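One structure is given here, and the rest of the page talks about it.
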Amino acid sequence: MREVIEGRVWTLPDDVDTDQIISGKYLTVIDPNELKKHVFEIALPEFAANAHPGDIVVAGVNMGSGSSREHAPQALKAIGVGAIVADSFARIFFRNAINVGIPTVEAPGVRKIFEKGDTARIEMRGGRVQNLRTGDSVSFPPLPAHLLELLEAGGLVEKVKRELHAGATVSPR
Amino acid sequence: MSAQGPNAIRADGGQTLAEKILARAGGLDHVVPGQIVEGRVDLAMMHEQGAQTVAPFHEMGAPRVWDPDRVVIAIDHWVPASTEGAAVLHRILRQFAKEQGLTHFYDVGNHGICHQILAEHGWVVPGDLAVGTDSHTNMLGAVGAVAAGIGPTEMAAVLSLGRLWLRVPPTLHVRVRGSFGKGVYAKDLILRILGEVKTTGATYKAIEFSGPTISALTMSERFTICNMTTEMGAKCGMIAPDATTYAFLEKIAKHPMHPVSPDKDAHYERIIDIDIDGMEPMVACPYSPDNVRPLMDLVPKHVKVDQVFLGSCTNARIDDLREGARILKGHKVAPGVRFIVSPASTSIYKQALDEGLIETFTEAGGVFTNSSCSACFGGNMGILAPGEVCASSSNRNFPGRMGAKDAEIYLLSPAATVAAAIRGELADPREFL
Ligand code: SF4
Numbered sequence: 009m010r011e012v013i014e015g016r017v018w019t020l021p022d023d024v025d026t027d028q029i030i031s032g033k034y035l036t037v038i039d040p041n042e043l044k045k046h047v048f049e050i051a052l053p054e055f056a057a058n059a060h061p062g063d064i065v066v067a068g069v070n071m072g073s074g075s076s077r078e079h080a081p082q083a084l085k086a087i088g089v090g091a092i093v094a095d096s097f098a099r100i101f102f103r104n105a106i107n108v109g110i111p112t113v114e115a116p117g118v119r120k121i122f123e124k125g126d127t128a129r130i131e132m133r134g135g136r137v138q139n140l141r142t143g144d145s146v147s148f149p150p151l152p153a154h155l156l157e158l159l160e161a162g163g164l165v166e167k168v169k170r171e172l173h174a175g176a177t178v179s180p181r
Numbered sequence: 015m016s017a018q019g020p021n022a023i024r025a026d027g028g029q030t031l032a033e034k035i036l037a038r039a040g041g042l043d044h045v046v047p048g049q050i051v052e053g054r055v056d057l058a059m060m061h062e063q064g065a066q067t068v069a070p071f072h073e074m075g076a077p078r079v080w081d082p083d084r085v086v087i088a089i090d091h092w093v094p095a096s097t098e099g100a101a102v103l104h105r106i107l108r109q110f111a112k113e114q115g116l117t118h119f120y121d122v123g124n125h126g127i128c129h130q131i132l133a134e135h136g137w138v139v140p141g142d143l144a145v146g147t148d149s150h151t152n153m154l155g156a157v158g159a160v161a162a163g164i165g166p167t168e169m170a171a172v173l174s175l176g177r178l179w180l181r182v183p184p185t186l187h188v189r190v191r192g193s194f195g196k197g198v199y200a201k202d203l204i205l206r207i208l209g210e211v212k213t214t215g216a217t218y219k220a221i222e223f224s225g226p227t228i229s230a231l232t233m234s235e236r237f238t239i240c241n242m243t244t245e246m247g248a249k250c251g252m253i254a255p256d257a258t259t260y261a262f263l264e265k266i267a268k269h270p271m272h273p274v275s276p277d278k279d280a281h282y283e284r285i286i287d288i289d290i291d292g293m294e295p296m297v298a299c300p301y302s303p304d305n306v307r308p309l310m311d312l313v314p315k316h317v318k319v320d321q322v323f324l325g326s327c328t329n330a331r332i333d334d335l336r337e338g339a340r341i342l343k344g345h346k347v348a349p350g351v352r353f354i355v356s357p358a359s360t361s362i363y364k365q366a367l368d369e370g371l372i373e374t375f376t377e378a379g380g381v382f383t384n385s386s387c388s389a390c391f392g393g394n395m396g397i398l399a400p401g402e403v404c405a406s407s408s409n410r411n412f413p414g415r416m417g418a419k420d421a422e423i424y425l426l427s428p429a430a431t432v433a434a435a436i437r438g439e440l441a442d443p444r445e446f447l
């Protein structure tokens, strides 16, 4: 995880649920490179073909509500999305996105300071998102230490791998 | 397992049900909202999405699953496999189960919707921390547990270590009094609550239900209530265990209970009081489950339906099918309407067969399918074409949920879905009772 993340912005409205990110018909697809062709097919149809690695997704409230499907953040990870920022997230989507290693930030008020194509600058520890075109910014409470650690490791797989390597054991019942 | 009163896990200040359960899971006496807890998991459930758990599990490098006896696999979205992709997911899970000695595998022939399988086999008991790879795992909170949905990578960490981090949620307390009128059900109640709390009103929170109306609910109805806390964004929805819970679990509980009850002086973030006396049948209109109105607002508008679905983890238990069949008896499905009934599990299927319900549904022109998620999620069967309208007893009506993105889904009680099947448009179930 980089301390400061910059990228071109794609905007999404409020309440983009997981059906609009990856619809039910693709749920048997588990290859992220195939999934990425269909990401946001309902919410933002031009995204999949035109998004570049490093682009930043800026959404409104309740981003990623609905199912527990990790296909949604997996597909965004495969595209190489630099970060996901939203006014607020649905809880499973938030966990999934962090777990697959995408810097994911809840910054209330962020959606209204961006238009499609703007450049965003996110200071992960400083807790600030800025629109480099307009200069507008919003601040946010930085992620708790254990989540920053998880992102620094590159996601949950790496983190658990390191823990097991360091001798982590199963909690006794 | 004998019925017993709430077991006192002593805490210093007043704690909610969720706080007490998470304190125990974290090996702590007391927790407060916002605190991060490493919770020991009592039960882990995977359905097809669990196939995506296998690769990260191996990559993490744990030699074996932490406790094979606490892992349940229940395939349900595509059963039997309806596409090659689904067949591959099933095979990945079967191979993983074999390799890891996971014997609690509800495979084709013994299958059902994952949450229903957990419920009817007693896999989740009071005081448990249960996690599943499906967002409606919340349903199991009806037994007085914290039950939450997680993604497959997170499940890989749970299978490796038997624990996961959780932020202790603040609790929203919903207290319900009053009695259900004719043609009004637990589904109408949870829709009404959704209309008030909205889809974001409980994000990251726990919801605790109580009050005389809740105490009088059957377990099936309690499952319906807790199931749709997912639609409010909640981490978990729960009902403190009582005599109904213990009677339900008496013969089926798979492991020891650690029942807890909320303290009288527990701190709730918000309290919502609801009186259901005089409450009407409700409906959630497209395209959000919180777009809730009294059904009678729509009936005069003659909202025509192309398909009716009586199914899903929310409402496809035997009482739901019985009520549907009772209403349908002596009527026919309206011409041009496809009426799909899908029981929530194989055992419910058999019960429906024994009780003659399948005959009632099929004689009337409905199609009674094998148990599965069926038309609920738009990826297997009963898919809607552009512009079509469906009356459904399921839990979600987002754009594209059951197929075409502009297809419209109205969420209703099982009784109201059957009324729509008979009339061919949204109709008042009370006319048939
Ligand atoms: S019935 Fe519907 S909501 Fe329930 S687990 Fe299946 S797809 Fe999900």
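Protein chains in written order, with the numbering used here: chain D, 9 to 181; chain S, 15 to 447.
In this text, a Cβ means the ideal position worked out from N, Cα and C, and glycines have one as well.
All values derive from a computational prediction rather than experimental measurement.
Exercise for the section: Would you mind giving the Cβ-Cβ distance between S:A95 and S:A101, rounded to the nearest angstrom? I have them listed as a contact below 8 Å. Expected result: Along the second sequence, one-based indexing puts residue 95 of chain S at 81. Along the second sequence, one-based indexing puts residue 101 of chain S at 87. About 4 Å separates the two Cβ atoms, so the contact holds.
Practice task
Give me the Cα-Cα distance between D:M132 and D:R10, rounded to the nearest whole angstrom.
Solution key: The residue you call residue 132 of chain D lines up with position 124 of the first sequence. The residue you call residue 10 of chain D lines up with position 2 of the first sequence. Rounded to the nearest angstrom, the two C-alpha atoms are 8 Å apart.
Exercise for the section: Flag D:A105 as yes if its beta-carbon sits less than 7 Å from any beta-carbon of chain S, otherwise no. Expected result: Your numbering for residue 105 of chain D matches position 97 in the first sequence. Not closer than 7 Å to any Cβ of chain S, the Cβ of D:A105 fails to qualify, so no.
Practice task
With DSSP as the reference, label S:A389 as helix, strand or coil.
Solution key: Your numbering for residue 389 of chain S matches position 375 in the second sequence. It is helical.
Handout entry: Buried/exposed call for S:L335, threshold 16 Cβ in 10 Å
Key = Here residue 335 of chain S refers to the residue found at position 321 when the second sequence is read from its first residue. With 16 or more Cβ atoms within 10 Å of its Cβ, S:L335 is classed as buried.
Exercise for the section: With a 10 Å radius around its C-beta and 16 neighbouring C-beta atoms as the bar for buried, classify S:A133 as buried or exposed. Expected result: Start at 1 with the first residue of the second sequence, and residue 133 of chain S comes out as number 119. By the 10 Å Cβ count, S:A133 comes out buried.
Handout entry: Chain-ordered chain S contacts of D:H46 [CB-CB under 7 Å]
Key = For the purposes of this step, residue 46 of chain D is identified with residue 38 of the first sequence, where counting begins at 1. Near D:H46 there are no residues of chain S at all, since even the closest Cβ is about 12 Å away, more than 7 Å.
Practice task
Between the Cα of D:T36 and those of S:Q63, S:N329 and S:M296, spot the shortest distance and give me the residue it belongs to.
Solution key: Locating residue 36 of chain D in the first sequence gives position 28, where the first residue counts as 1. The residue with the shortest Cα to Cα distance from D:T36 is S:Q63.
Exercise for the section: Have a look at S:F10 and D:G32 and give me their C-alpha separation to the nearest angstrom. Expected result: In the structure as shown, chain S starts at 15 and stops at 447, and residue 10 of chain S therefore has no counterpart that could be examined.
Exercise for the section: Answer yes or no: does any C-beta atom of chain D fall closer than 7 Å to that of S:P77? Expected result: Here residue 77 of chain S refers to the residue found at position 63 of the second sequence. So no, S:P77 is outside the interface.
Practice task
Please indicate yes or no: does the CB of D:S73 lie closer than 6 Å to some heavy atom of the ligand SF4?
Solution key: On the first sequence, position 65 is the one that residue 73 of chain D refers to. Flag unset: Cβ of D:S73 not near the ligand SF4.
Practice task
Answer with yes or no whether the minimum CB distance from D:T19 to chain S is below 7 Å.
Solution key: Translated into the one-based positions of the first sequence, residue 19 of chain D becomes position 11. No - not a single Cβ of chain S is within 7 Å of the one on D:T19.
Exercise for the section: Quick one: list the residues of chain D neighbouring S:F391, beta-carbon separation under 9 Å, in chain order. Expected result: By 1-based counting over the second sequence, the position of residue 391 of chain S is 377. Ordered by position in chain D, the residues that pass the 9 Å Cβ test against S:F391 are D27, G32, L35 and S75.
Problem - Proximal chain S residues relative to D:N70, where beta-carbon distance stays under 9 Å - result: As a first step, residue 70 of chain D must be located in the first sequence, where it is residue number 62. What D:N70 touches in chain S: T213, T214, T217 and G247.
Practice task
Mind checking the region 128 to 161 of chain D against chain S and listing, in chain order, the residues whose C-beta falls within less than 8 Å of any C-beta there?
Solution key: P152 and H154
Handout entry: Length at least 4, wholly inside the region 303 to 352 of chain S: the alpha helix (DSSP H) runs in chain order
Key = 332 to 342
Practice task
Please check if any C-beta of chain D sits within less than 7 Å of the C-beta of S:P166.
Solution key: Taking the first residue of the second sequence as position 1, residue 166 of chain S is located at position 152. Under the Cβ distance rule, S:P166 counts among the residues neighbouring chain D, one pair being separated by less than 7 Å.
Problem - Selection from S:G75, S:T259, S:A111 and S:P357 that minimises the alpha carbon distance to S:M271 - result: Here residue 271 of chain S is taken as the residue at index 257 of the second sequence, counted from 1. It is S:T259.
Problem - S:C240: CB within 6 Å of a non-hydrogen atom of the ligand SF4 - result: Stepping through the second sequence from its first residue, residue 240 of chain S is reached at position 226. Every heavy atom of the ligand SF4 is 6 Å or more from the Cβ of S:C240, so no.
Problem - Identified DSSP bridge partners for S:M60 - result: Locating residue 60 of chain S in the second sequence gives position 46, counting from the first residue. S:M60 pairs with S:I87.
Exercise for the section: Please decide whether D:I50 counts as near chain S, where near means a Cβ-Cβ distance under 7 Å. Expected result: Counting from one through the first sequence, the residue named residue 50 of chain D turns up at place 42. True, the Cβ-Cβ gap to chain S drops below 7 Å.
Handout entry: Reduced DSSP category for S:I207 - H, G, I as helix; E, B as strand; rest coil
Key = Locating residue 207 of chain S in the second sequence gives position 193, counting from the first residue. Reduced to three states, the DSSP call for S:I207 is helix.
Handout entry: Beta-carbon spacing of D:A83, D:V47 below 7 Å
Key = Position 75 of the first sequence holds residue 83 of chain D. Position 39 of the first sequence holds residue 47 of chain D. Yes.
Practice task
Report the residues of the region 83 to 95 of chain S with a CB closer than 8 Å to any CB of chain D, ordered along the chain.
Solution key: H91 and W92
Problem - Test item: CB-CB of S:G370 and S:I266 under 7 Å - result: For the purposes of this step, residue 370 of chain S is identified with residue 356 of the second sequence, where counting begins at 1. For the purposes of this step, residue 266 of chain S is identified with residue 252 of the second sequence, where counting begins at 1. The beta carbons of S:G370 and S:I266 sit no closer together than 7 Å.
Problem - Residue-chain proximity (D:L164, chain S), Cβ-Cβ < 7 Å - result: As a first step, residue 164 of chain D is located in the first sequence; it is residue number 156 there, counting from the start. At least one chain S Cβ lies under 7 Å of D:L164.
Handout entry: At least three beta-carbon pairs within less than 8 Å, the region 162 to 170 of chain S to the region 55 to 71 of chain S
Key = yes
Problem - Where the beta strand (DSSP E) through D:V113 begins and ends - result: To locate residue 113 of chain D, count along the first sequence from 1; it is residue 105. D:V113 -> beta strand (DSSP E) spans T112 to E114.
Practice task
Determine the DSSP secondary structure at S:Y10, reduced to helix, strand or coil.
Solution key: Absent from the model: residue 10 of chain S. The displayed extent of chain S is 15 to 447, so no value can be given.
Practice task
Give a yes or no on contact between the region 137 to 148 of chain D and the region 51 to 59 of chain D, applying the rule of three or more CB pairs nearer than 8 Å.
Solution key: Look at the beta carbons and you see the region 137 to 148 of chain D not touching the region 51 to 59 of chain D: under three pairs across the two are nearer than 8 Å.
Exercise for the section: Buried or exposed for D:N41, please, with buried defined as at least 16 other CB atoms from any protein chain shown within 10 angstroms of its CB. Expected result: Along the first sequence, one-based indexing puts residue 41 of chain D at 33. In this structure D:N41 is exposed. Its beta-carbon is surrounded by fewer than 16 other beta-carbon atoms within 10 angstroms.
Handout entry: Short Cβ contact (7 Å threshold) for S:A144 with S:A161
Key = Mapped onto the second sequence, residue 144 of chain S falls at position 130. Mapped onto the second sequence, residue 161 of chain S falls at position 147. Yes, the Cβ-Cβ distance between S:A144 and S:A161 is below 7 Å.
Exercise for the section: May I ask whether a heavy atom of the ligand SF4 can be found less than 6 Å away from the beta carbon of S:D334? Expected result: By one-based count along the second sequence, residue 334 of chain S stands at place 320. False, no ligand heavy atom lies under 6 Å from that Cβ.
Problem - Supposed close pair S:R410, S:P303 - CB separation, criterion 8 Å - result: Taking the second sequence and counting its residues from 1, one reaches residue 410 of chain S at position 396. Taking the second sequence and counting its residues from 1, one reaches residue 303 of chain S at position 289. Their Cβ separation, rounded to whole angstroms, is 6 Å, which keeps S:R410 and S:P303 in contact under 8 Å.
Problem - Straight-line gap, S:P357 to S:V322 (C-alpha atoms, nearest Å) - result: For the purposes of this step, residue 357 of chain S is taken as residue 343 along the second sequence, with counting starting at 1. For the purposes of this step, residue 322 of chain S is taken as residue 308 along the second sequence, with counting starting at 1. Whole-angstrom Cα-Cα distance: 14 Å.
Handout entry: Candidates S:T243, S:A330, S:Q109 and S:V381: closest to D:S73 by CA position
Key = Here the question's residue 73 of chain D lines up with position 65 in the first sequence. A check of alpha carbon separations from D:S73 across S:T243, S:A330, S:Q109 and S:V381 identifies S:T243 as the nearest.
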